[in-house]
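At position 36 of the sequence shown the residue is numbered 36 (the UniProt record's numbering), and the sequence of numbers has no breaks.
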Amino acid sequence: MAKNQRADVKNPNTPSHKAAVDNRANQLNPNNRAMKSGREEK
Numbered sequence: 001m002a003k004n005q006r007a008d009v010k011n012p013n014t015p016s017h018k019a020a021v022d023n024r025a026n027q028l029n030p031n032n033r034a035m036k037s038g039r040e041e042k
């Protein structure tokens, strides 16, 4: 049976949902390294 990752991410009761929300917040946070990594000047 295939695991439905999108359903997990959309379901607020799963750990996957919290991880996805945290990851999105980290990517949008200008003070976080996750945001800088893809946008830094080389």
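Glycine included, every Cβ here is placed at the ideal spot set by N, Cα and C.
CA-CA distance, D22 to S16, rounds to 10 Å.
P15 carries a helical assignment under DSSP once its states are collapsed to helix, strand and coil. Here DSSP, grouped into helix, strand and coil, assigns K10 to helix.
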